[in-house]
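> Dropping a structure here in structure tokens format, bear with me for questions.
Residue numbers (our numbering): 825 to 990.
Written out as structure tokens, the structure is:
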């Protein structure tokens, strides 16, 4: 099956780099609550399909290193794509309402690249963790705050979100 390198189909047990950015470098997040809402949307629409190993939420874009969960679902790719449509579409609608804006927030299609080697996996982890430093948002990994979260913080956030929604 031929596919565009940046829009690889999701396959059970494969790792992927999932990312997207806003149109015209508009803000994706305006407040800490926006970051939390984004993660709640992820939890609602995506978490049942993908395990997160690392992620970075930037003011204008995001990166996730994920692994597709082990499943026999024949419609896995379609289900994940539908989940992303609901996730990103719902988030965009909320931001548009909050900011009194109209139109698309994100570039048309989110990108996903299959990770085909251990070297690429390791370089991607470094890339994701270094991304806020590269973009000048901080000069130290230790001062990343809400802009960047690693997997340890993801699990903490996941538990907190579950408690908040209970």
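Built from N, CA and C at the ideal position, the CB exists for glycine as well. What you are looking at is a predicted structure, and each value in this text was computed from that prediction instead of being measured.
For the beta strand (DSSP E) that contains residue 877, what are its first and last residues?
Run containing residue 877: 874 to 881, per the beta strand (DSSP E) assignment.
> Which residues does DSSP pair with residue 937 in a beta bridge?
According to DSSP, residue 937 bridges with 841.
> If you draw a straight line from the C-alpha of residue 839 to the C-alpha of residue 926, how long is it?
Going from the Cα of residue 839 to the Cα of residue 926 covers about 34 Å.
> What is the DSSP secondary structure of residue 885, reduced to helix, strand or coil?
Residue 885 falls in the strand class under three-state DSSP.
> Rounded C-beta distance between residue 911 and residue 842? I'm assuming under 8 Å.
Not confirmed; about 11 Å, so no contact.
> For residue 891, which three-state DSSP category applies?
Of the three classes helix, strand and coil, the one that applies to residue 891 here is strand, per DSSP.
> Assess, as a yes-or-no matter, whether the segment 851 to 867 is touched by the segment 945 to 956 under the definition of 3 or more beta carbon pairs within less than 8 Å.
Counting Cβ pairs under 8 Å, fewer than three are found: no touch.
> Using the C-alpha atoms, what's the distance from residue 929 back to residue 916?
Approximately 6 Å, taken between the alpha carbons.
> So residue 897 and residue 834 are in contact, right, with Cβ under 8 Å, and what is the actual spacing, rounded?
Their Cβ separation, rounded to whole angstroms, is 10 Å, which puts residue 897 and residue 834 out of contact at 8 Å.
> With a 10 Å radius around its C-beta and 16 neighbouring C-beta atoms as the bar for buried, classify residue 922 as buried or exposed.
Exposed, because fewer than 16 other Cβ atoms sit within 10 Å of the Cβ of residue 922.
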